[in-house]
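In our numbering, the protein residues as written are 38 to 174.
Okay, here's the thing in structure tokens:
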């Protein structure tokens, strides 16, 4: 609520005001409205947990999480779309290679197939990305 009030007082969008606060080390009297309005901003890239290992998954996979981050997407919406498509393709890859029961989901939302080695998990992920048509994204 305080940041919204500050943004309104300076005539800035909320994200501009928060960015400007960071720029000024949170010194409100140093806020530069023109700098805030002309700065180029980037949306964060989502990271999605797609394969779980270890205690969180009940398997012997040494790595706890395999995550994807669609850094090649041009928008946040596109990044979410890519993540969703890869996740659904990964389900197909996991079921084809390890059976229907392998599509169980671990504590943190990723698939938890009975994979023994990290390389095996990475290969399943590479195959899913390729199947979804998002290689390089």
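Cβ atoms here follow ideal geometry from the backbone N, Cα and C, with glycine treated the same way.
In this structure, residue 93 sits away from residue 154, with a CB-CB distance that is not shorter than 8 Å.
In this structure residue 73 touches residue 57 by the C-beta definition: roughly 4 Å separates them, less than 8 Å. For residue 52, the secondary structure class from DSSP, reduced to helix, strand or coil, is helix. Under the Cβ criterion (8 Å, minimum of three pairs), the region 112-122 does not count as touching the region 131-139. As summarised for the region 74-117, the continuous beta strand (DSSP E) elements at least 3 residues long and confined to that stretch are 85-89 and 102-105, given in chain order. Counting along the chain, residue 47 sits inside the alpha helix (DSSP H) bounded by residues 39-47. For residue 87, the number of other beta carbons within 10 angstroms of its own is at least 16, and it is reported as buried. Looking at 70, 61, 62 and 171, the one whose alpha-carbon comes closest to that of residue 45 is 70. Separation of residue 75 and residue 63 (C-alpha to C-alpha, rounded to the nearest whole angstrom) is 19 Å.
Judged by their CB atoms, residue 124 and residue 85 are nearer to each other than the 8 Å cut-off. At a Cβ-Cβ threshold of 8 Å, residue 47 and residue 68 count as neighbours.
Looking at 170, 158 and 166, the one whose alpha-carbon comes closest to that of residue 97 is 158.
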